[in-house]
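Residue numbers (our numbering): 685 to 1207.
Report on the structure given below.
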């Protein structure tokens, strides 16, 4: 059984080799009808520099804003602080490409906000990407810093406050030294997110590696851009794995929560807190939802011909349902191997995170060119057609891409669910003569069900929102809501973008609300 677990985990982890193999194969592929400009070193170097600059700026801004919001929420009190903190996390639900499309239209010279602010140029390019990605990434930093702040010793903070130390002095002397691992981890995590992002930079036409790789996907030397992405992403991935163990708080730091109420926030810090919440909630949540509703209503008022939305909705639900299930099943193998075989847990875990850390656009590019190579050079007849074309049309490679893209998310939820199973129940079932299948059915599955259900719901939303893998590997003639949003914004069909965006947000918010309610009921 142990050998089978290791073999299964190894097979799943080795999926990471497929896009790498596809990149190698792309070098020998014939060019398409339209040949993109050659990817020379002189063209690649500015792309790498611009990508790293974007990652650096977004990481720094997200760290500053996320830390301030976390500190204001945990270490002080003000009217509506708890509700505002919860609402400030909602930008996580909105895909970056959808937020970028909305702000691009609303901040245009003729947009609602553009006319109000008197903007003279289009909201596109590098600075626009910095703004949008900062809104998308700040909640990640805020969540991490909030968790670290709540674990700090309450006694030290109370003692410093009783001695007259102000908020800034308490922050710099007590909190900052212990937040450094969390900050380092947050910086690396956000930087990797930005380097891997495709949707926002594509909508805003920001010339960075991921967007250029998509535009040059038919060129025989496009693999050079892929290598540039790896050059940027691999050091960040290594840094994240190195810092992940250091970002956990010390278990012996005293009480996890303050015994006395936090002080009231007054003066300019209070104003700054409300302005920060206004930025995150107003521009990150309220304006996007209002804009989508306005576009739909405007389309109805002017009797616009909406593109058929039923098929993309059903396709999204089908792929999200099946994709989430396959990701979770694939994640069970390495999760079981890691939890049952501690000696091998390190390489299994590193392999899982390496597989899912390949940027989505690079993963899709590699699989796409691998399929093209197999169709042209290793054709296999099956049912009167090429086997590889049949598998591509049957969405096999798309589902494979989903498994690789979200394997780490499934693993992160499946492993704790396996570890928390009471092994005494398993031993008791074994002593009563229950075979392996019966033990799985009567002991393992009921114990793991709550954690696995939560993981499935989160994976469902992740698959539904995924853009680059869907965009490049979706069979011809099919569309998902994410595909429809990207296609609609490129055609300036705002009513279609609004309708597809509202449906996608409704699905995401519905699943999140159901998950939150279920967790409260479970506890």
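We treat Cβ as the ideally placed atom computed from N, Cα and C, and that holds for glycine.
Check, Outcome
"Exposed unless 16 or more other CB atoms sit within 10 angstroms - verdict on residue 894", "buried"
"Own chain residues within Cβ distance below 6 Å of residue 690, not counting five before or after", "1021"
"Same chain, Cβ closer than 7 Å to residue 780, neighbours up to 5 away in sequence not counted", "816, 817, 820, 881, 883 and 884"
"Own chain partners of residue 1159 with C-beta closer than 8 Å, once the 5 adjacent residues on each side are dropped", "1076, 1077, 1078, 1079 and 1082"
"Integer-rounded CB distance, given that residue 1086 should sit under 8 Å from residue 1015", "Going by Cβ atoms, the distance from residue 1015 to residue 1086 rounds to 12 Å, so no, they are not a contact pair."
"Classification of residue 968 by the beta-carbon crowding that lies within 10 angstroms, buried from 16 upward", "buried"
"CB contact flag (residue 1148, residue 1098, <8 Å)", "no"
"Inter-residue Cα distance where the pair is residue 942 and residue 783", "With a pLDDT of 43 at residue 942, under the threshold of 50, the modelled position of this residue cannot be trusted, and the question is left open."
"Contact under 8 Å by Cβ, residue 1042 with residue 700", "yes"
"Residues bridged to residue 1061 [DSSP beta-bridge criterion]", "Answer by DSSP bridge pairing: none, since residue 1061 is not bridged."
"Sub-8 Å separation of residue 640 and residue 1045 beta-carbons", "Since the first and last residues shown for the chain are 685 and 1207, residue 640 lies out of range."
"Assigned exposure category for residue 869 - 16 Cβ within 10 Å defines buried", "buried"
"Residue 759 classed as buried or exposed, judged by whether at least 16 other C-beta atoms fall within 10 angstroms", "buried"
"Presumed contact (8 Å Cβ cut-off) between residue 1126 and residue 1133, rounded CB distance", "Not quite, the Cβ-Cβ distance comes to about 12 Å (not below 8 Å), so this is no contact."
"Boundaries of the alpha helix (DSSP H) in which residue 789 is found, first to last residue", "780-790"
"Length of the line joining the Cα atoms of residue 1196 and residue 757", "22 Å"
"Reference residue 1144, options 1093, 1156 and 1131, closest by Cα", "1093"
"Cβ distance (whole Å) where residue 1088 is taken to contact residue 1039 below 8 Å", "6 Å"
"Alpha helix (DSSP H) segment containing residue 1025, residue limits", "Looking at the DSSP string, residue 1025 is not in any alpha helix (DSSP H), and its letter there is neither H nor E."
"Segments assigned alpha helix (DSSP H), at least 4 residues, entirely inside the segment 1070-1150", "1071-1077, 1080-1103, 1107-1115, 1120-1123 and 1129-1149"
"Alpha-carbon to alpha-carbon, residue 725 and residue 1191", "44 Å"
"For residue 827 and residue 1010, the rounded distance between their alpha carbons", "28 Å"
"Limits of the unbroken alpha helix (DSSP H) element including residue 751", "725-759"
"Contact check, residue 908 vs residue 1049, beta carbons under 8 Å", "no"
"Residues of its chain near residue 744, where Cβ-Cβ distance is below 6 Å and the 5 sequence neighbours each way are ignored", "none"
"Rounded separation between residue 705 and residue 1053 - CA only", "9 Å"
"Collapsed DSSP secondary structure at residue 1066 in the structure displayed", "strand"
"Closest residue to residue 767 among 911, 958, 738 and 860 (Cα-Cα distance)", "958"
"Where residue 948 falls: helix, strand or coil (DSSP)", "strand"
"Residue 899 in three-state terms, based on DSSP", "helix"
"Range covered by the alpha helix (DSSP H) that runs through residue 891", "Unbroken run through residue 891: none, as it is neither H nor E."
"From 1178, 1176, 1179 and 1184, residue whose alpha carbon lies closest to that of residue 1167", "1184"
"6 Å Cβ shell around residue 1186 - same chain, five flanking residues per side excluded", "976"
"Helix, strand or coil at residue 1175 according to DSSP, with G and I counted as helix", "coil"
"Buried versus exposed call for residue 751 [16 or more other C-beta atoms within 10 Å across all chains shown]", "buried"
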